[in-house]
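A.B. asks: Read top to bottom, the protein sequences are chains V and R. Be aware that the first sequence starts at 10, since it is given in the numbering used here, and climbs by one per residue. Be aware that the second sequence starts at 15, since it is given in the numbering used here, and climbs by one per residue. Before I ask anything, here is the structure I am working with.
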Amino acid sequence: MRLVTQNLLTCQVKACMDTAATPDGGFLSYPLKVVPDAGGLKQVASPFDEGVAKSILPRLDWAALRKTAAELGVAALPEEVPAGAESDAGFLRSVYALVFDIHLEEGNLLCPHCGRAYPVRKGVPNMLLRDDEM
Amino acid sequence: MAPAEVFYDGTEAKKYTSSSRIIDVQAQMAHRCIELMALPPGHRCFILDIGCGSGLSGEALSSAGHAWVGTDISADMLTVGLARGTPGDTLLSDMGQGLPFRTGSFDGAISVSAVQWLCYATQKSHQPYRRIRAFFASLYRCLKRGARAALQIYPENAAHLEMLSAAAAKAGFRGGLVVDFPNSTKAKKYYLCLVAGSGERDDSAAAATSAAGAAAGAAAGASADSSSSASDGDLKHSDAAMEATDGMGSAMTSSGLVVAMGRRSSSDFEKRRRSRAQDRVGAHAPARKEWVLRKKEQRRAKGLPTRSDSKYTGRRRPDRIT
Chain V
10 MRLVTQNLLT CQVKACMDTA ATPDGGFLSY PLKVVPDAGG LKQVASPFDE GVAKSILPRL
70 DWAALRKTAA ELGVAALPEE VPAGAESDAG FLRSVYALVF DIHLEEGNLL CPHCGRAYPV
130 RKGVPNMLLR DDEM
Chain R
15 MAPAEVFYDG TEAKKYTSSS RIIDVQAQMA HRCIELMALP PGHRCFILDI GCGSGLSGEA
75 LSSAGHAWVG TDISADMLTV GLARGTPGDT LLSDMGQGLP FRTGSFDGAI SVSAVQWLCY
135 ATQKSHQPYR RIRAFFASLY RCLKRGARAA LQIYPENAAH LEMLSAAAAK AGFRGGLVVD
195 FPNSTKAKKY YLCLVAGSGE RDDSAAAATS AAGAAAGAAA GASADSSSSA SDGDLKHSDA
255 AMEATDGMGS AMTSSGLVVA MGRRSSSDFE KRRRSRAQDR VGAHAPARKE WVLRKKEQRR
315 AKGLPTRSDS KYTGRRRPDR IT
């Protein structure tokens, strides 16, 4: 699983969703914290695709990506998306490499609100809930 | 029937890499779904693939130049997908529990032969209506406003179709049902085509949408013709509802039959009331008599004991015996 997917995922536990909203419109259950096992993080270079990078940039929750990147210690991102980032090929390239090339192969995704762990095995997160969590 | 996660086990999953027929059919349906999503031309989009399985539909998305994320409930199918080296990310997730994505994540969604699984209660805790509602509500949430979802389904009967389209309408989707090859038993395919929110996409696709609106008039006319000629007893065709397909016009080709979902028009109710009234006065009596005579003839041909025909044969009994 790559960071672009992690940037979209939220905790689905019902009790958590019911209490996770903050008054300012944020969500306490987002982003899921990436906790890789030893050697569970992998870097695989993929060919840069400028079209995809441009379309993905406005889609990303920048604050969440910045937080995750800092926690993993893989990149130091500016606080906000710099102005004119869409035409800055170097910047696009670095963001693309960050969200598409870093794979979580083995580890867990932790909900920061309820602490539910979603295990990731062979790069596939298991988001299935138990009956009592729905 | 076994639940999806059991049905698509190792042996079934292997077919999706070895059987060229399955691969072919899946790829065709995936391409049709992509066509029905009517993405703005020239844009690289981010697509959700529900029930991605071994990633056959994902390959179609990748070849069209889109990035995608897939979900599936069968770990075996995902394993096959990993072995094939799918270009998108995959998640193990049950769509009946809701899709675990934040609001406005995707430019569109496709699904090939997956959504009908929601209609079955395969576990004691499963309530199909609740699962279908949870699925469509979460799908609506994770799509961008104006984004489209094209879901290919294999409904077992009209009730399932009704259940799915009613739940989609309730979640806020507009759109309708496209039936490809309506007169073929084998090639007939149902596509639920849904638009999240208003017809206007919130990104630079306004031009594409207005072009779709212009083409809608012609397409709606063509589809109304084909629906009246096709004798498909399962579906209710309503000319009034046909107008509700407005923005979807461009996505429909003449090979498809378009049925808009939505409330039944008042004229439909009128028709049904009239036909019920006719039933009561025995307007179909001659047909009943012929049917009885035909059945008796069949019994005689088989050599079974049968009463001889008389003027009373096939008549209604008096309401009450006094």
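We put the CB at the ideal spot given by N, CA and C, even for glycine.
(1) Return the residue from the list R/D63, R/T85, R/I87 that minimises the CA-CA distance to R/S76.
(2) Checking contacts by CB at 7 Å: is R/G112 closer than that to chain V?
(3) Would you identify the three-state DSSP class for R/V39, choosing helix, strand or coil?
(4) Decide if R/F195 is buried, meaning its Cβ has at least 16 other Cβ atoms within 10 Å, or exposed.
(5) What residues in the stretch 110 to 144 of chain R have a beta carbon less than 7 Å from any beta carbon of chain V?
(6) Could you round the C-beta distance between V/G116 and V/V44 to whole angstroms and report it? I think they count as a contact, below 8 Å.
(7) May I ask you to report which of helix, strand or coil DSSP gives R/G263?
(8) Can you find a C-beta in chain V that's less than 7 Å from the C-beta of R/L105?
(9) Using a cut-off of 9 Å between C-beta atoms, extract the partners of V/G93 located in chain R.
(10) Report all residues from its chain with a CB closer than 7 Å to the CB of V/T77; omit the five preceding and five following residues, and keep chain order.
(11) Are the beta-carbon atoms belonging to R/G99 and R/R162 less than 7 Å from one another?
(12) Looking at chain V, is there any beta carbon in it that lies within less than 7 Å of the beta carbon of R/L92?
(13) How would you list, in chain order, the residues of chain R whose beta-carbon sits under 7 Å from the beta-carbon of V/Y105?
(14) Below 8 Å on the Cβ atoms is my guess for R/L206 versus R/L165; work out the distance and round it to an integer in Å.
(15) On the DSSP bridge list, what partners appear for V/P134?
(16) For R/L175 and R/K202, I'd like the C-alpha separation in whole angstroms.
(17) Contact criterion: CB-CB distance below 7 Å. Does R/R58 meet it with respect to chain V?
(18) Quick check: what's the CA-CA separation for V/S103 versus R/G211?
(19) For a contact defined as C-beta to C-beta under 9 Å, what are the partners of R/A81 on chain B?
(20) Can we count R/G112 as close to the ligand FAD, meaning its CB is less than 6 Å from some heavy atom?
(21) Just to confirm before moving on: does the CB-CB distance between R/D108 and R/A27 stay below 7 Å?
(22) Name the residue from R/G118, R/K309, R/Q40 whose alpha carbon lies nearest to the alpha carbon of V/L18.
(23) According to DSSP, is R/G110 part of a helix, a strand, or is it coil?
(24) Closest to V/D71 by C-alpha separation, out of V/A30, V/F100, V/G34, V/E89, would be which residue?
(25) Closer than 7 Å between beta carbons: that is the criterion. Which residues of the stretch 27 to 40 of chain V meet it against chain R?
(26) DSSP puts V/L50 in a beta bridge; with which residues?
(27) Comparing the C-beta of V/Q52 with each C-beta of chain R, is any distance below 7 Å?
(28) Would R/R329 and R/T320 qualify as a contact pair, given that the criterion is a beta-carbon distance under 7 Å?
(29) Among R/K303, R/R334, R/D38, whose alpha-carbon lies nearest the alpha-carbon of R/K325?
(30) Does the stretch 146 to 160 of chain R come within contact of the stretch 46 to 57 of chain V, defined as at least 3 CB pairs closer than 8 Å?
(31) Express the C-alpha separation of R/K285 and V/P128 in angstroms, rounding to a whole number.
(32) For chain V, check one thing: does any of its Cβ atoms lie closer than 7 Å to the Cβ of R/D108?
(33) With a threshold of 8 Å on Cβ separation, who are the neighbours of R/Q111 within its own chain once the five nearest residues in sequence on each side are excluded?
(34) Any C-beta of chain R sitting closer than 7 Å to the C-beta of V/V43?
(35) Give a yes or no on whether the C-beta atoms belonging to R/G102 and R/G84 are separated by under 7 Å.
(36) Under the DSSP definition of a beta bridge, which residues are partnered with V/P45?
C.D. replies: Once the coordinates are examined:
(1) Working through the second sequence from its first residue, we reach residue 76 of chain R at position 62. The shortest C-alpha separation from R/S76 is found at R/D63.
(2) Position 98 of the second sequence, counted from the first residue, corresponds to residue 112 of chain R. Answer yes: the Cβ-Cβ gap between R/G112 and chain V drops below 7 Å somewhere.
(3) As a position in the second sequence, residue 39 of chain R is number 25, starting the count at 1. Note: R/V39 maps to helix in three-state DSSP.
(4) Start at 1 with the first residue of the second sequence, and residue 195 of chain R comes out as number 181. Classification of R/F195: exposed, given that the 10 Å Cβ count is below 16.
(5) Q111, G112, P114, F115, R116, S119, S139
(6) Counted from its first residue, the first sequence places residue 116 of chain V at position 107. Counted from its first residue, the first sequence places residue 44 of chain V at position 35. Indeed they touch by this definition, with Cβ atoms about 5 Å apart.
(7) As a working note, residue 263 of chain R is residue 249 in the second sequence. Bear in mind that a pLDDT of 39 at R/G263, under 50, signals an unreliable position, so the number given afterwards is only what the model happens to contain. Helix at R/G263.
(8) By one-based count along the second sequence, residue 105 of chain R stands at place 91. With 7 Å as the cut-off, R/L105 counts as an interface residue toward chain V.
(9) As a position in the first sequence, residue 93 of chain V is number 84, starting the count at 1. Within 9 Å Cβ-Cβ: nothing; V/G93 doesn't reach chain R, min ~18 Å.
(10) For this step, residue 77 of chain V is matched to residue 68 along the first sequence. Correct list, in chain order: L12, Q15, P40, V43.
(11) To locate residue 99 of chain R, count along the second sequence from 1; it is residue 85. To locate residue 162 of chain R, count along the second sequence from 1; it is residue 148. No, Cβ-Cβ distance for R/G99 and R/R162 is not below 7 Å.
(12) Residue 92 of chain R sits at position 78 when you count from the first residue of the second sequence. So yes, R/L92 belongs to the interface.
(13) Reading the first sequence from its first residue, position 96 is the one you call residue 105 of chain V. Ordered by position in chain R, no residue passes the 7 Å Cβ test against V/Y105, which lies about 11 Å from the chain.
(14) Indexing the second sequence from 1 puts residue 206 of chain R at position 192. Indexing the second sequence from 1 puts residue 165 of chain R at position 151. Sure, about 4 Å apart at Cβ, within 8 Å.
(15) By 1-based counting over the first sequence, the position of residue 134 of chain V is 125. In DSSP, V/P134 forms a bridge with V/V129.
(16) Locating residue 175 of chain R in the second sequence gives position 161, counting from the first residue. Locating residue 202 of chain R in the second sequence gives position 188, counting from the first residue. Each residue's alpha carbon lies about 14 Å from the other.
(17) To locate residue 58 of chain R, count along the second sequence from 1; it is residue 44. Output row for R/R58: interface = yes.
(18) Here the question's residue 103 of chain V lines up with position 94 in the first sequence. Here the question's residue 211 of chain R lines up with position 197 in the second sequence. Looking at the two C-alpha atoms, the distance is approximately 34 Å.
(19) No chain B is present in this structure, whose protein chains are V and R.
(20) In terms of ligand content, the structure shown is empty, and the ligand FAD therefore cannot be addressed.
(21) Here residue 108 of chain R refers to the residue found at position 94 when the second sequence is read from its first residue. Here residue 27 of chain R refers to the residue found at position 13 when the second sequence is read from its first residue. It is not a contact, given that the beta carbons lie outside the stated cut-off.
(22) Here residue 18 of chain V refers to the residue found at position 9 of the first sequence. V/L18 has its Cα closest to that of R/G118, out of R/G118, R/K309, R/Q40.
(23) Counting from 1 along the second sequence, the entry for residue 110 of chain R is found at position 96. In this structure, R/G110 counts as helix in the three-state DSSP scheme.
(24) Here the question's residue 71 of chain V lines up with position 62 in the first sequence. The identity of residue 71 of chain V in the sequence shown is Trp, whereas the question assumes Asp. Nearest of V/A30, V/F100, V/G34, V/E89 to V/W71, Cα basis: V/E89.
(25) Y39
(26) Working through the first sequence from its first residue, we reach residue 50 of chain V at position 41. DSSP output for V/L50 lists V/L113 as bridge partner(s).
(27) Mapped onto the first sequence, residue 52 of chain V falls at position 43. For V/Q52, the nearest beta carbon of chain R is not closer than 7 Å to its own beta carbon.
(28) Here residue 329 of chain R corresponds to residue number 315 of the second sequence, with the count starting at 1. Here residue 320 of chain R corresponds to residue number 306 of the second sequence, with the count starting at 1. No, they are not a contact pair.
(29) As a first step, residue 325 of chain R must be located in the second sequence, where it is residue number 311. Measuring from the Cα of R/K325, the nearest candidate turns out to be R/K303.
(30) no
(31) On the first sequence, residue 128 of chain V is found 119 positions in, with the first residue counted as 1. On the second sequence, residue 285 of chain R is found 271 positions in, with the first residue counted as 1. Distance between the alpha carbons of V/P128 and R/K285 is about 56 Å.
(32) By 1-based counting over the second sequence, the position of residue 108 of chain R is 94. Yes, R/D108 counts as interfacial toward chain V.
(33) The residue you call residue 111 of chain R lines up with position 97 of the second sequence. Answer for R/Q111: R145, A148, listed in chain order.
(34) What you label residue 43 of chain V is simply residue 34 of the first sequence in a count that begins at 1. False, the Cβ-Cβ gap to chain R never drops below 7 Å.
(35) Mapped onto the second sequence, residue 102 of chain R falls at position 88. Mapped onto the second sequence, residue 84 of chain R falls at position 70. Against a cut-off of 7 Å, the Cβ pair of R/G84 and R/G102 comes out as a contact.
(36) Here residue 45 of chain V corresponds to residue number 36 of the first sequence, with the count starting at 1. Answer by DSSP bridge pairing, in chain order: V/G116.
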